[in-house]
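Taking it in order: structure first as structure tokens, then the write-up.
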Amino acid sequence: MSAQTARAPSPPSPILLRETQGYVAVLTLNRSQARNSLSEGLIAELHAALKQIHDDKSVRAVVIAANGPAFSAGHDMKELTARRSDADRGRAYFAQIMTSCSAMMQAVVQLPKPVVAAVQGIATAAGCQLVASCDLAVASEAATFATPGVDIGLFCSTPMVALSRNVTRKQAMEMLLTGEPVSATRARELGLVNRVVAAGTERDAAIALAQKVALKSAYTIKLGKEAFYRQAEMSLTEAYRYAAEVMTENMMARDAEEGIGAFIEKREPKWQDK
Numbered sequence: 002m003s004a005q006t007a008r009a010p011s012p013p014s015p016i017l018l019r020e021t022q023g024y025v026a027v028l029t030l031n032r033s034q035a036r037n038s039l040s041e042g043l044i045a046e047l048h049a050a051l052k053q054i055h056d057d058k059s060v061r062a063v064v065i066a067a068n069g070p071a072f073s074a075g076h077d078m079k080e081l082t083a084r085r086s087d088a089d090r091g092r093a094y095f096a097q098i099m100t101s102c103s104a105m106m107q108a109v110v111q112l113p114k115p116v117v118a119a120v121q122g123i124a125t126a127a128g129c130q131l132v133a134s135c136d137l138a139v140a141s142e143a144a145t146f147a148t149p150g151v152d153i154g155l156f157c158s159t160p161m162v163a164l165s166r167n168v169t170r171k172q173a174m175e176m177l178l179t180g181e182p183v184s185a186t187r188a189r190e191l192g193l194v195n196r197v198v199a200a201g202t203e204r205d206a207a208i209a210l211a212q213k214v215a216l217k218s219a220y221t222i223k224l225g226k227e228a229f230y231r232q233a234e235m236s237l238t239e240a241y242r243y244a245a246e247v248m249t250e251n252m253m254a255r256d257a258e259e260g261i262g263a264f265i266e267k268r269e270p271k272w273q274d275k
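Residue numbering for the sequence shown follows my numbering, beginning at 2 and increasing consecutively.
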């Protein structure tokens with residue numbers, strides 16, 4: 002038997018890669034042959050990774066990146082269409098996928114650590130939703146963003162939730178109603194991304210941004226991130242009442258005492274994350 006015929010088949014590549022750079026966990030979507038579409042498996046892998054990172058004190062920030070020319074083309078339409086033959090024409094499966102994807106997106110927001118998207122190519126539909134769900138986003142100048150579901154008779158209703166919390170209503174509606182792509186520069190103007198960088202440098206730029214935030218007090222970041230998203234859903238009066246409570250609680254923290262003391266004494270603070 003020749004060496005070629007005796008060779009065992011190569012195991013499939015993981016659909017989600019994880020590496021660590023200092024205090025930053027880098028999660029990389031690795032379904033480039035499917036334009037990193039959010040399959041049932043990839044949604045589950047991302048959610049599991051976020052759950053694991055949630056209480057991992059060695060991780061202080063997260064970067065979500067992707068391999069290949071596309072960041073993510075949204076839901077895996079071939080996977081969804083395959084369930085049309087179910088007795089209920091796929092209704093139960095579609096509900097399961099949309100619910101699990103929504104839970105994963107909320108896990109990004111609810112993670113007590115900053116999450117930065119590194120977008121190198123197209124981010125469409127649920128891929129655009131993932132970018133909008135991240136706290137920060139760095140995009141390649143070659144990246145584009147779109148919610149084109151309307152073009153195939155499927156309005157991007159779940160991506161709409163995250164998108165409408167990032168850009169103004171009329172801009173969100175234009176993206177949702179026309180499905181037309183938005184350039185990286187325009188996405189920055191709209192508030193969908195923070196920075197636009199030269200193509201090929203977006204991952205390093207996102208990691209550098211994440212590392213900058215990772216140097217802050219983890220307790221303070223956790224408190225502030227949670228407060229940011231909670232107050233955004235409140236009335237002005239409720240938001241100020243809640244924020245005053247958070248500030249009071251924050252002032253009682255050891256890191257606030259240390260940080261203010263270090264500022265007054267003109268020295269670097271020593272965080273204890275409490």
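Note that CB positions come from ideal geometry on N, CA and C, so glycine has one too.
None of the values given here were measured: they were computed from a predicted structure.
- DSSP places Phe146 in the strand class (E or B) of the three-state scheme.
- Cβ-Cβ distances below 7 angstroms link Val109 to Leu51, Val116, Ser134 and Cys135 in the same chain, with the five nearest sequence neighbours on each side left out; the list follows chain order.
- Looking at Ala206, Arg90 and Ala67, the one whose alpha-carbon comes closest to that of Ser38 is Ala67.
- Taking C-alpha positions only, Ala147 is separated from Thr179 by approximately 9 angstroms.
- Per DSSP, the unbroken beta strand (DSSP E) holding Gln22 starts and ends at Leu17 to Gln22.
- The Cβ atoms of Val25 and Arg61 sit closer than 9 angstroms to each other.
- One thing to note: Ala263 has its Cβ within 9 angstroms of the Cβ of Lys271.
- Minimum Cα-Cα distance from Val168 among the listed residues Gln130, Leu237, Ile54 and Pro12 corresponds to Gln130.
- In the DSSP assignment, Thr125 forms a beta bridge with Ala147.
- Counting along the chain, the unbroken beta strand (DSSP E) around Thr29 starts and ends at Val25 to Leu30.
- By the beta-carbon neighbour count (other beta carbons within 10 angstroms, threshold 16), Phe72 is buried.
- Annotation for Arg196: the continuous beta strand (DSSP E) segment containing it runs Arg196 to Val198.
- Positions of the beta strand (DSSP E) runs, each at least 3 residues long and wholly inside the region 150–201, are given as 196–198 in order along the chain.
- Distance from the Cα of Asp152 is smallest, within the candidate group Arg170, Arg19, Ala126 and Glu46, for Ala126.
- By the beta-carbon neighbour count (other beta carbons within 10 angstroms, threshold 16), Ser236 is exposed.
- In the displayed model, Val116 falls within a strand according to three-state DSSP.
- Comparing C-alpha distances from Glu181 to each of Ile123, Gly260, Arg36 and Val198 shows the shortest one belongs to Ile123.
- Its chain contains Ile16, Leu17, Leu30 and Arg32 as the residues whose beta carbon lies nearer than 7 angstroms to that of Leu43, once the 5 sequence neighbours on both sides are disregarded; these appear in chain order.
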